[in-house]
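Peer 1: Supplied in structure tokens, the structure appears directly below.
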Amino acid sequence: MSDLPRIGVLVSGRGSNLAALIAATENGTLPAQIALVISSKPNVPALEIAANAGIPTQVMRPRDFASRHEEGEAIIAAMRSAQVELLVLAGYARLVDPCVIEAYRWKIINIHPSLLPAFAGSMAPGPQAAALAAGVKFSGCTTHFVTEDTDAGPIIDQAVVPVHDDDTVETLADRILRAEHQLLPASVAAVLAGEVQIIDGRRTVRRSSVHAGD
Ligand code: GAR
């Protein structure tokens, strides 16, 4: 077994962010090993992407559990037995139970397709549609630590994309997605490298930008 940090990825669908993470582990920009992929839905492309990369997968459907808490306990058990130290939510269409957040405190990263705190609280393409409806001129994506407050944990990083007058939800979502594929692996790598310091549980700074005495 390699001694790279082991990450677990939670998915529900297309898996393009998972593919970006896999590519980054393969080209060395993300020095980590994806040890387990858990999907909340069966037969989704993300599972095939993981299997093709030789990554173990498990399907955990909400209906397989009596409660969200039980579902959370199963996720913790599977991730621990795969010796996972960091979780990444990559298009995971579930709110994780507080027991998972507690077990992996400050070790769960989510990507959201808007510039949080704008357009929080829904799954793609909801945030992109909301950005178009609001008439904003810029949108983008955000990586953040997952806390008990949905989409409101400390922001790790953001990428901005323009919103064009003739955008549809699809064209805007595609432009944001291309930014996501850069932002997510870079954010995971920065966290694993210890570069992201959480201040008061509310915001983050890069360690290189922390000056003694400031
Ligand atoms: C991505 O746009 C991601 O930001 C979004 O789901 C999509 C998953 O695409 N996540 C959310 O909306 C979380 N609230 P993918 O399966 O191709 O990575």
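For the sequence shown, this note's numbering gives the first residue as 4, with consecutive numbering after it.
Even for Gly, the Cβ is constructed at its ideal location relative to N, Cα and C.
#1: Beta-carbon separation of residue 158 and residue 167 under 7 Å?
#2: If you reduce the DSSP assignment to three classes, tell me which class residue 46 lands in.
#3: Considering only residues of the same chain and omitting the five flanking positions on each side of residue 95, which have a CB-CB separation below 7 Å?
#4: Enumerate, from N- to C-terminal direction, the unbroken alpha helix (DSSP H) stretches of 4 or more residues contained entirely within the stretch 96-173.
#5: With residue 9 as the anchor, note down where its beta strand (DSSP E) starts and where it stops.
#6: Let me check understanding here. Comparing Cα to Cα, which of 92, 80, 45 and 117 lies closest to residue 64?
#7: Evaluate residue 72 with the Cβ neighbour count: other Cβ atoms within 10 Å of its Cβ, from every protein chain shown; 16 or more gives buried, anything less gives exposed.
#8: Any heavy atom of the ligand GAR inside 6 Å of the beta-carbon of residue 16?
#9: Go ahead and pull the three-state DSSP assignment for residue 33.
#10: Name the two residues that bound the continuous alpha helix (DSSP H) containing residue 83.
#11: So, helix, strand or coil for residue 58, using DSSP?
#12: The ligand GAR and residue 106: does any heavy atom of the ligand fall closer than 6 Å to the residue's C-beta?
#13: How do the stretch 25-44 and the stretch 186-206 stand: do at least 3 beta-carbon pairs fall below 8 Å, yes or no?
#14: Whole angstroms is fine: what's the gap from residue 82's alpha carbon to residue 140's?
#15: So what's residue 194 in DSSP terms, helix, strand or just coil?
#16: Are the Cβ atoms of residue 142 and residue 118 separated by less than 7 Å?
#17: Suppose contacts are defined by Cβ-Cβ distances below 7 Å. Is residue 162 in contact with residue 137 by that definition?
Peer 2: Reading from the atomic positions:
#1: The count along the sequence shown starts at 1 and reaches residue 158 at position 155. The count along the sequence shown starts at 1 and reaches residue 167 at position 164. Cβ atoms of residue 158 and residue 167: not closer than 7 Å.
#2: Working through the sequence shown from its first residue, we reach residue 46 at position 43. Note: residue 46 maps to coil in three-state DSSP.
#3: In the sequence shown, counting from the first residue as 1, residue 95 sits at position 92. Excluding positions up to five away in sequence, the list reads 13, 14, 15 and 43.
#4: 101-106 and 129-137
#5: In the sequence shown, counting from the first residue as 1, residue 9 sits at position 6. Note, residue 9: beta strand (DSSP E), 9-14.
#6: As a position in the sequence shown, residue 64 is number 61, starting the count at 1. It is 45 whose Cα lies nearest to the Cα of residue 64.
#7: Taking the first residue of the sequence shown as position 1, residue 72 is located at position 69. Flag for residue 72 reads exposed.
#8: Within the sequence shown, the letter at position 13 stands for residue 16. Yes; taking the cut-off as 6 Å, the Cβ of residue 16 has a heavy atom of the ligand GAR nearer than that.
#9: Mapped onto the sequence shown, residue 33 falls at position 30. The answer is coil: DSSP assigns residue 33 none of H, G, I, E or B.
#10: Counting from one through the sequence shown, the residue named residue 83 turns up at place 80. Where residue 83 is concerned, the enclosing alpha helix (DSSP H) starts and stops at 71-84.
#11: Within the sequence shown, residue 58 is the residue found at index 55, counting from 1. Here residue 58 carries a coil assignment [DSSP, helix/strand/coil].
#12: Within the sequence shown, the letter at position 103 stands for residue 106. Residue 106 Cβ: outside cutoff for every heavy atom of the ligand GAR.
#13: yes
#14: To locate residue 82, count along the sequence shown from 1; it is residue 79. To locate residue 140, count along the sequence shown from 1; it is residue 137. For residue 82 and residue 140, the distance between alpha carbons rounds to 40 Å.
#15: Against the sequence shown, residue 194 aligns to sequence position 191. Note: residue 194 maps to helix in three-state DSSP.
#16: Here residue 142 is taken as the residue at index 139 of the sequence shown, counted from 1. Here residue 118 is taken as the residue at index 115 of the sequence shown, counted from 1. Taking 7 Å as the Cβ cut-off, residue 142 and residue 118 qualify as a contacting pair.
#17: On the sequence shown, residue 162 is found 159 positions in, with the first residue counted as 1. On the sequence shown, residue 137 is found 134 positions in, with the first residue counted as 1. Against a cut-off of 7 Å, the Cβ pair of residue 137 and residue 162 comes out as no contact.
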